[in-house]
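Residues 255 to 452 in our numbering are what the sequence shown spells out, letter by letter.
The next block holds one structure in the form of structure tokens; read it before the comments.
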Amino acid sequence: MLDLYSPGTSPLHRLPPAPKMLALMISATLLFINQSLPLTLVATLATLTLYPLTQLTLKQAAAQIRPLLWIFGLFFAVQWYFSGIQMAAYVVLRLAALILLASLVTLTTRSSDMIDTMTSSLRFLKPLGVNPAKVGLAISLALRFIPVLAQITTEVREAQKARGLERSIIATAMPVAIRTIKMADDISDAIESRGYRP
């Protein structure tokens, strides 16, 4: 379940994980430094155009955002109340762009390749007592958490909609929290059963 990799032969699929992850870090930093709504809108649209160029559909892009629309709505309402509609639009667009970029990397990169790359790049921390393999695994799982959480949320909301409970935040949030904890527990068991000792 954690590996959301979508097979393809696009240049982004063939690109090694390191440049993609570095580009993601730089792009995320620039998005946070930038304070312009028009530039943020352009960045979001540019990210969307990358999906068809990498043999991914806009439907796949929408699937990364759709489960989080209620969170976007909440952020938008709070920011509009405290800072105005322009700031609200800026915050939501920036978050959408970040999620789309992270999802683009996870959809075009195998989990194993990502973990190996992170482990290799963090070897310089070994003399400081840091275990690169553990850190690499933790970061790679964190990068994939949002898309996986989005998938879980979609499944739960569809189930609750069938029961007529789609408007209840608690009815959606509780099953999502339980399934997320269970997923983490399953991952832990799987790692343990394979005798993983980084």
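The C-beta atom is built at its ideal place from N, Cα and C for all residues, glycine as well.
Just so you know, these numbers come straight off a predicted model, no measurement behind them.
Counted within 10 angstroms of its Cβ, other Cβ atoms place P273 as buried (16 or more) or exposed: Translated into the one-based positions of the sequence shown, residue 273 becomes position 19. So P273 counts as exposed.
Residue range of the alpha helix (DSSP H) that includes V345: Counting from one through the sequence shown, the residue named residue 345 turns up at place 91. Per DSSP, V345 belongs to the alpha helix (DSSP H) from 339 to 361.
S366: CB within 6 Å of a non-hydrogen atom of the ligand HEM: Of the ligands one can find in the structure shown there are none, so the ligand HEM has no counterpart to examine.
Exposure of T251, with buried meaning 16 or more beta-carbon neighbours within 10 Å: As shown, the chain starts at 255 and ends at 452. That puts residue 251 outside it, with no answer to give.
N- and C-terminal bounds of the alpha helix (DSSP H) containing Q314: Translated into the one-based positions of the sequence shown, residue 314 becomes position 60. Where Q314 is concerned, the enclosing alpha helix (DSSP H) stretches over 312 to 319.
Inter-residue Cα distance where the pair is V384 and I339: Here residue 384 refers to the residue found at position 130 when the sequence shown is read from its first residue. Here residue 339 refers to the residue found at position 85 when the sequence shown is read from its first residue. Taking the straight line from one Cα to the other gives about 44 Å.
8 Å CB neighbourhood of P261 in its chain, flanking five on each side removed: In the sequence shown, the residue the question calls residue 261 occupies position 7. Once the five neighbours on either side are set aside, the close Cβ partners of P261 are H267.
Beta carbon of L269 nearer than 7 Å to that of L361: On the sequence shown, position 15 is the one that residue 269 refers to. On the sequence shown, position 107 is the one that residue 361 refers to. No.
For P271 and T363, the rounded distance between their alpha carbons: Here residue 363 refers to the residue found at position 109 of the sequence shown. Here residue 271 refers to the residue found at position 17 of the sequence shown. Using only the alpha carbons, I get a separation of about 6 Å.
Close Cβ partners of T294 (< 6 Å) along its chain, the five nearest in sequence each way excluded: In the sequence shown, counting from the first residue as 1, residue 294 sits at position 40. If we look at T294 and ignore the five residues flanking it on each side, its Cβ neighbours are Y344, L347, R348.
Rounded straight-line distance, which links the Cα of L304 to that of Q314: For the purposes of this step, residue 314 is identified with residue 60 of the sequence shown, where counting begins at 1. For the purposes of this step, residue 304 is identified with residue 50 of the sequence shown, where counting begins at 1. Spanning the two alpha carbons is a distance of roughly 12 Å.
Selection from I325, L328, S281, R320 that minimises the alpha carbon distance to T223: What the structure shows of the chain is the stretch from 255 to 452, and residue 223 is not part of that stretch, so it cannot be assessed.
Selected residue, minimal CA-CA separation from Q309, among I319, S264, S375: The sequence position of residue 309 within the sequence shown is 55, counting from 1. Per the Cα distances, S264.
Short Cβ contact (7 Å threshold) for T373 with A356: Along the sequence shown, one-based indexing puts residue 373 at 119. Along the sequence shown, one-based indexing puts residue 356 at 102. Result no, Cβ atoms of T373 and A356 do not sit closer than 7 Å.
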